[in-house]
Amino acid sequence: MQDEAIYAALMPIFEDVFMRDDIVLAPELSAKDVAGWDSFKQIEIIIAVESQFGFKFHTRELDSLRNVGDLVRVVREKNSARVVLT
Amino acid sequence: MTDLSWLPETSGWRGALKDFSKNAEASWAQAVDLANFRLDFFQTNALDEIVRRRWGEEVPTGITGKPIRLAILGSSTLAHLQASIRVGGLRRGLHITVYENDYGQYRQELEEEGSALYAFRPTVVLFALDAATLTSGLRIGQSASEARSALNATLEEVRHCWRLARRIFEGIVVQQACLPVFPSMLGNNEHRLPGSRAWGVTYINDRLRAIADEEGAHILAVDARVVEHGLGAWHSETLWHRSRQEVALTAAPFYGDLVARLVAAEQGRSFKCLALDLDNTLWGGVIGDDGLEGITLGQGSALGEAYVAFQTYVRDLSRRGVILAVCSKNDEKNAREPFERHPDMILRTLDIACFVANWTDKVTNLRRIAKELNIGIDSIVFVDDNPFERNFVRQELPMVAVPEVSDDPTYFPKILATAGYFEGLVVTKDDLARTTQYVGNQQRESFRSQAMDMASYLAGLEMRLIPRDFDRIGLQRIVQLINKTNQFNLTTRRYTETQVQGVMEDGTAVGLQLRLTDRFGDNGIIGIVIGRLEGADFVIDTWLMSCRVLGRQVEVITLNLIADRARALGARRLVGDYIATAKNGMVREHYQNLGFTIVHADEQGSRSVLDIQNFSPKPTAITIVSE
Numbered sequence: 001m002q003d004e005a006i007y008a009a010l011m012p013i014f015e016d017v018f019m020r021d022d023i024v025l026a027p028e029l030s031a032k033d034v035a036g037w038d039s040f041k042q043i044e045i046i047i048a049v050e051s052q053f054g055f056k057f058h059t060r061e062l063d064s065l066r067n068v069g070d071l072v073r074v075v076r077e078k079n080s081a082r083v084v085l086t
Numbered sequence: 001m002t003d004l005s006w007l008p009e010t011s012g013w014r015g016a017l018k019d020f021s022k023n024a025e026a027s028w029a030q031a032v033d034l035a036n037f038r039l040d041f042f043q044t045n046a047l048d049e050i051v052r053r054r055w056g057e058e059v060p061t062g063i064t065g066k067p068i069r070l071a072i073l074g075s076s077t078l079a080h081l082q083a084s085i086r087v088g089g090l091r092r093g094l095h096i097t098v099y100e101n102d103y104g105q106y107r108q109e110l111e112e113e114g115s116a117l118y119a120f121r122p123t124v125v126l127f128a129l130d131a132a133t134l135t136s137g138l139r140i141g142q143s144a145s146e147a148r149s150a151l152n153a154t155l156e157e158v159r160h161c162w163r164l165a166r167r168i169f170e171g172i173v174v175q176q177a178c179l180p181v182f183p184s185m186l187g188n189n190e191h192r193l194p195g196s197r198a199w200g201v202t203y204i205n206d207r208l209r210a211i212a213d214e215e216g217a218h219i220l221a222v223d224a225r226v227v228e229h230g231l232g233a234w235h236s237e238t239l240w241h242r243s244r245q246e247v248a249l250t251a252a253p254f255y256g257d258l259v260a261r262l263v264a265a266e267q268g269r270s271f272k273c274l275a276l277d278l279d280n281t282l283w284g285g286v287i288g289d290d291g292l293e294g295i296t297l298g299q300g301s302a303l304g305e306a307y308v309a310f311q312t313y314v315r316d317l318s319r320r321g322v323i324l325a326v327c328s329k330n331d332e333k334n335a336r337e338p339f340e341r342h343p344d345m346i347l348r349t350l351d352i353a354c355f356v357a358n359w360t361d362k363v364t365n366l367r368r369i370a371k372e373l374n375i376g377i378d379s380i381v382f383v384d385d386n387p388f389e390r391n392f393v394r395q396e397l398p399m400v401a402v403p404e405v406s407d408d409p410t411y412f413p414k415i416l417a418t419a420g421y422f423e424g425l426v427v428t429k430d431d432l433a434r435t436t437q438y439v440g441n442q443q444r445e446s447f448r449s450q451a452m453d454m455a456s457y458l459a460g461l462e463m464r465l466i467p468r469d470f471d472r473i474g475l476q477r478i479v480q481l482i483n484k485t486n487q488f489n490l491t492t493r494r495y496t497e498t499q500v501q502g503v504m505e506d507g508t509a510v511g512l513q514l515r516l517t518d519r520f521g522d523n524g525i526i527g528i529v530i531g532r533l534e535g536a537d538f539v540i541d542t543w544l545m546s547c548r549v550l551g552r553q554v555e556v557i558t559l560n561l562i563a564d565r566a567r568a569l570g571a572r573r574l575v576g577d578y579i580a581t582a583k584n585g586m587v588r589e590h591y592q593n594l595g596f597t598i599v600h601a602d603e604q605g606s607r608s609v610l611d612i613q614n615f616s617p618k619p620t621a622i623t624i625v626s627e
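Here the protein sequences line up with chains V and X, keeping their order. Quick note on numbering: the UniProt record's numbering labels position 38 of the first sequence as 38, and the sequence is numbered without any gaps. Quick note on numbering: the UniProt record's numbering labels position 90 of the second sequence as 90, and the sequence is numbered without any gaps.
Put into structure tokens, the structure is as follows:
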């Protein structure tokens with residue numbers, strides 16, 4: 001899966017979680033840039049991403065997420081790992 | 001899954017929510033409508049957010065029911081449950097304001113006048129204590145009595161908190177059952193390991209219920225939901241480690257609905273009446289087209305069994321105090337016929353408090369039912385297999401609950417139960433007044449244990465045997481019994497439907513289907529006999545019985561019946577064959593036990609005869625009832 005496609009899939013998730021449609025997703029975007037992005041919202045994002053892409057994050061992967069770029073990277077890696085397996 | 005599966009799916013919901021959020025005139029009633037969809041966690045949060053932007057903490061004007069101030073107290077993360085509790089209330093038209101204690105501080109807040117909790121003045125206090133906290137007194141290595149007293153100390157502490165809450169606030173106390181989150185260590189017999197947390201949860205949940213009954217608190221039975229949905233649907237170890245969320249985010253909407261239905265029940269706002277469609281809801285097929293013999297109901301097919309199971313669930317609801325109504329598009333005479341004449345109907349005319357069958361639309365008829373029963377139309381649940389009717393009623397009467405049932409009756413009971421429409425907190429005398437005729441296997445068994453001996457037990461059973469010649473209504477069940485009965489079956493001869501019909505048309509043959517009822521209920525068709533006159537002999541071709549009624553003298557009275565019928569045909573002897581199979585050893589001596597004489601026997605079986613000219617029927621505890 002290309003990064004552009006992952007960003008496109010993440011957009012509605014962020015809209016749902018923050019109830020806003022003006023967030024611009026970029027690799028460096030992180031919790032401090034978005035009002036209300038606290039640890040609860042972080043979990044909501046994770047749950048929504050898991051249900052959208054159909055996988056579960058490894059706890060280590062969750063601990064490594066610092067910004068949107070990290071999230072996109074982990075989604076990309078997990079997706080390609082799955083393709084190899086199937 | 002913890003889906004709100006009884007609510008309609010959310011196609012188009014996002015758009016409706018957007019319209020709602022932009023409409024300055026949008027009403028509370030419209031918000032209630034939006035809550036009555038199969039919302040997931042995100043949709044629930046979105047609706048909650050918009051409702052709160054509109055009304056804030058203000059109670060909107062014109063809402064029915066007292067506004068509720070709910071404090072959720074615990075020592076783990078509970079913030080993610082708040083929106084779902086509010087939306088669960090909204091779904092029922094209730095306005096709920098939620099307060100959550102400062103993290104881990106609920107005990108202090110309860111004790112200290114002037115705390116934020118005091119200022120909040122809750123009308124409902126919900127204790128949502130996590131399993132780790134409740135079992136914190138346990139250690140592996142404790143003796144059994146040490147483990148028990150550790151848990152009992154915790155339970156007394158919980159009781160103390162309830163009493164504090166009740167003393168300070170005028171409201172109800174709700175205790176969330178402990179979630180069984182711990183892996184076992186010993187295994188199947190976990191209860192033998194003192195200090196096991198998995199065992200501790202079982203012990204706590206058991207005791208919590210007993211203490212709640214003593215103290216007048218109510219239990220939020222999340223443990224029962226875990227049994228139904230699986231722990232994985234309710235608890236995520238990842239989320240527990242990450243943020244101390246014990247109830248998983250995704251289960252929050254269900255959690256909120258459980259809380260709200262309990263609070264609604266406390267306000268007397270549970271649903272009271274179940275209005276039922278008939279065709280393809282209580283039986284399969286269309287009574288007006290298919291007739292009494294053509295509808296699918298009763299033993300003989302899985303579908304027929306499913307309708308019986310649904311009717312049984314509905315009947316038991318009515319015995320618990322739920323009012324039943326019929327709302328059907330039918331000629332009334334046709335609609336009533338199964339209730340009066342179909343042998344497999346569980347529901348009878350007397351069970352239905354209001355019977356409306358006509359060709360008027362269902363909205364008008366539901367209004368009429370509410371009026372005739374003198375209940376609010378918002379206390380009716382309407383079950384209909386037809387999506388058109390469901391949507392029509394939802395649209396015109398949004399206050400009527402219309403569960404999203406499929407057209408498969410197998411799932412009807414579960415959907416009604418999961419939706420929690422008839423949530424009750426106590427069982428009143430009024431409720432049980434309807435249960436005087438309550439019957440069932442359990443009572444049959446307890447009655448058996450009380451009875452002095454078998455003879456008086458049988459006499460007290462008030463058994464009635466209803467013999468009928470083979471007929472079209474019973475045909476399916478007859479064919480099924482003939483082809484699946486292996487144990488109490490003297491000859492194990494299998495017949496097709498056509499062959500059974502042949503027996504019906506043969507003047508020298510007798511085909512009997514035997515139904516047994518007793519004071520506990522109807523056992524259904526439990527015996528089949530086929531015999532033919534051959535000269536002066538009446539030859540018993542087939543005699544089979546359901547093993548459910550063994551030991552009740554049904555064989556003896558059946559012999560009396562056969563003798564009567566054989567004599568009426570002019571027979572002087574009964575001839576009974578036993579054909580041995582791998583499975584029917586239990587009836588090897590059936591005829592001898594009934595007084596027959598063996599005339600021939602080998603390892604294939606035996607033939608026995610009985611003179612019926614001088615036969616005197618043996619007494620039994622069973623009365624024969626002719627229809």
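Cβ coordinates follow ideal geometry from the N, Cα and C atoms, glycine included. Keep in mind it's a predicted model, so treat the numbers as computed, not measured.
In angstroms with no decimal places, state the Cα-to-Cα distance between X/LYS618 and X/LEU186.
The residue labelled residue 618 of chain X in the question sits at position 618 within the second sequence. The residue labelled residue 186 of chain X in the question sits at position 186 within the second sequence. Rounded to the nearest angstrom, the two C-alpha atoms are 58 angstroms apart.
Note down the Cα distance separating X/GLN450 from X/GLN613, rounded to an integer number of angstroms.
The residue given as residue 450 of chain X occupies position 450 in the second sequence. The residue given as residue 613 of chain X occupies position 613 in the second sequence. Because X/GLN450 sits at a pLDDT of 49, beneath the cut-off of 50, its placement in the model cannot be relied upon, and the point is left open.
For the putative contact between X/PHE37 and X/PRO60, defined by C-beta atoms under 8 angstroms, what is the C-beta separation to the nearest angstrom?
Start at 1 with the first residue of the second sequence, and residue 37 of chain X comes out as number 37. Start at 1 with the first residue of the second sequence, and residue 60 of chain X comes out as number 60. At roughly 20 angstroms, the Cβ-Cβ gap does not stay under 8 angstroms, so X/PHE37 and X/PRO60 are not in contact.
Answer with yes or no whether the minimum CB distance from X/ALA128 to chain V is below 8 angstroms.
The residue given as residue 128 of chain X occupies position 128 in the second sequence. Not one chain V Cβ lies under 8 angstroms of X/ALA128.
So, is X/PHE388 buried or exposed, given that buried needs 16 or more other C-beta atoms within 10 angstroms?
Sequence index remark: in the second sequence, residue 388 of chain X carries index 388 (1-based). The residue in question, X/PHE388, is exposed, as its Cβ has fewer than 16 Cβ neighbours within 10 Å.
Using the beta-carbon of each residue, which ones in chain V are nearer than 8 angstroms to X/PHE42?
Residue numbering aside, residue 42 of chain X sits at position 42 when the second sequence is read from its first letter. What X/PHE42 touches in chain V: ASP16, VAL17, GLU44 and ALA48.
Positions along the stretch 44-76 of chain X whose CB lies within less than 7 angstroms of some CB in chain V:
ALA46 and GLU49
The alpha helix (DSSP H) that contains X/GLY200, what's its start and end?
Against the second sequence, residue 200 of chain X aligns to sequence position 200. Element bounds for X/GLY200: 197-215.
Is X/ARG472 buried or exposed, if buried means 16 or more other CB atoms sit within 10 Å of its CB?
The residue you call residue 472 of chain X lines up with position 472 of the second sequence. X/ARG472 comes out exposed.
CA-CA distance, X/LEU126 and X/THR364?
For the purposes of this step, residue 126 of chain X is taken as residue 126 along the second sequence, with counting starting at 1. For the purposes of this step, residue 364 of chain X is taken as residue 364 along the second sequence, with counting starting at 1. Going from the Cα of X/LEU126 to the Cα of X/THR364 covers about 41 angstroms.
Using only the alpha-carbon positions, how far apart do X/ARG444 and X/GLY521 sit?
Start at 1 with the first residue of the second sequence, and residue 444 of chain X comes out as number 444. Start at 1 with the first residue of the second sequence, and residue 521 of chain X comes out as number 521. Note on X/ARG444: pLDDT 49, under 50, position unreliable in the model; the coordinate value appears next. Between X/ARG444 and X/GLY521, the C-alpha separation is close to 9 angstroms.
Please identify the residue among X/ASP130, X/GLY460, X/LEU550 and X/ILE140 whose C-alpha is closest to the C-alpha of X/VAL158.
Translated into the one-based positions of the second sequence, residue 158 of chain X becomes position 158. Per the Cα distances, X/ASP130.
In angstroms, rounded to a whole number, what distance separates the CA positions of X/ALA165 and X/ASP102?
For the purposes of this step, residue 165 of chain X is identified with residue 165 of the second sequence, where counting begins at 1. For the purposes of this step, residue 102 of chain X is identified with residue 102 of the second sequence, where counting begins at 1. Looking at the two C-alpha atoms, the distance is approximately 17 angstroms.
Which residue wins for smallest C-alpha separation from X/CYS178, given the options X/LEU134, X/ILE562 and X/GLU49?
Along the second sequence, read from residue 1 onward, the residue named residue 178 of chain X stands at position 178. Residue X/LEU134 is the option with its Cα nearest to X/CYS178.
Would you give the residue range spanned by the beta strand (DSSP E) that X/GLY543 belongs to?
Residue numbering aside, residue 543 of chain X sits at position 543 when the second sequence is read from its first letter. Reading the sequence as shown, one finds Trp at residue 543 of chain X and not Gly. Its beta strand (DSSP E) spans residues 537-545.
Let me check understanding here. Comparing Cα to Cα, which of X/GLN176, X/VAL87 and X/GLY56 lies closest to X/LEU39?
One-based indexing of the second sequence puts residue 39 of chain X at position 39. It is X/VAL87 whose Cα lies nearest to the Cα of X/LEU39.
Give the secondary structure of X/ALA264 by DSSP, where H, G and I count as helix, E and B as strand, and everything else as coil.
Working through the second sequence from its first residue, we reach residue 264 of chain X at position 264. Three-state result, X/ALA264: helix.
May I have the straight-line CA-CA distance separating V/LEU25 from V/ILE45, to the nearest angstrom?
Working through the first sequence from its first residue, we reach residue 25 of chain V at position 25. Working through the first sequence from its first residue, we reach residue 45 of chain V at position 45. The straight-line gap from Cα to Cα measures roughly 13 angstroms.
Under 7 angstroms from the C-beta of V/PHE53: neighbouring residues of chain X:
For this step, residue 53 of chain V is matched to residue 53 along the first sequence. The premise fails here: V/PHE53 is roughly 15 angstroms from chain X at the closest Cβ pair, so nothing lies under 7 angstroms.
Less than 8 angstroms between the beta carbons of X/TYR313 and X/PRO398, yes or no?
Indexing the second sequence from 1 puts residue 313 of chain X at position 313. Indexing the second sequence from 1 puts residue 398 of chain X at position 398. The answer is no: Cβ separation not under 8 angstroms.
Taking only beta-carbon atoms, is V/LEU25 less than 8 angstroms away from chain X?
As a first step, residue 25 of chain V is located in the first sequence; it is residue number 25 there, counting from the start. For V/LEU25, the answer is no, since every Cβ of chain X falls outside 8 angstroms of its Cβ.
Just the chain X side, please: which residues come within less than 8 angstroms of V/LEU62 by C-beta, in chain order?
In the first sequence, counting from the first residue as 1, residue 62 of chain V sits at position 62. What V/LEU62 touches in chain X: THR238 and ARG242.
Which of helix, strand or coil DSSP assigns to X/GLN513:
The residue you call residue 513 of chain X lines up with position 513 of the second sequence. Three-state result, X/GLN513: strand.
Could you please give the first and the last residue of the uninterrupted alpha helix (DSSP H) stretch that includes X/ALA31?
Residue 31 of chain X sits at position 31 when you count from the first residue of the second sequence. Taken as a continuous stretch (DSSP letters only), the alpha helix (DSSP H) holding X/ALA31 covers 28-35.
With DSSP run on the structure shown, which of helix, strand or coil describes X/LEU495?
The count along the second sequence starts at 1 and reaches residue 495 of chain X at position 495. The amino acid at residue 495 of chain X is misidentified as Leu; the sequence shows Tyr. Looking at X/TYR495 - three-state DSSP - the assignment turns out to be coil, as it is neither helix nor strand.
Measure the C-alpha to C-alpha separation of X/SER616 and X/ILE557 and round it to an integer number of angstroms.
Residue 616 of chain X sits at position 616 when you count from the first residue of the second sequence. Residue 557 of chain X sits at position 557 when you count from the first residue of the second sequence. About 12 angstroms.
Run down chain C in chain order and give the residues with a C-beta less than 9 angstroms from the C-beta of V/SER30.
In the displayed structure, chain C is absent; the protein chains listed are V and X.
Residue of X/VAL286, X/LEU262 and X/VAL326 minimising C-alpha distance to X/VAL426
As a first step, residue 426 of chain X is located in the second sequence; it is residue number 426 there, counting from the start. That would be X/LEU262, whose Cα lies nearest to the Cα of X/VAL426.
When you compare only the Cα positions, how much space is there between X/PRO180 and X/VAL124?
Mapped onto the second sequence, residue 180 of chain X falls at position 180. Mapped onto the second sequence, residue 124 of chain X falls at position 124. Computed Cα separation, rounded: 25 angstroms.
Whole-angstrom distance between V/ASP33 and V/ILE23, CA atom to CA atom:
The residue labelled residue 23 of chain V in the question sits at position 23 within the first sequence. The residue labelled residue 33 of chain V in the question sits at position 33 within the first sequence. Taking the straight line from one Cα to the other gives about 10 angstroms.
I'd like to know whether the C-beta of X/ALA79 is nearer than 8 angstroms to at least one C-beta of chain V.
In the second sequence, residue 79 of chain X corresponds to position 79, counting from 1. So yes, X/ALA79 belongs to the interface.
Could you pull out every residue in the same chain whose Cβ sits closer than 6 angstroms to the Cβ of X/PHE169, ignoring the five residues on either side in sequence?
What you label residue 169 of chain X is simply residue 169 of the second sequence in a count that begins at 1. The residues are PRO122.
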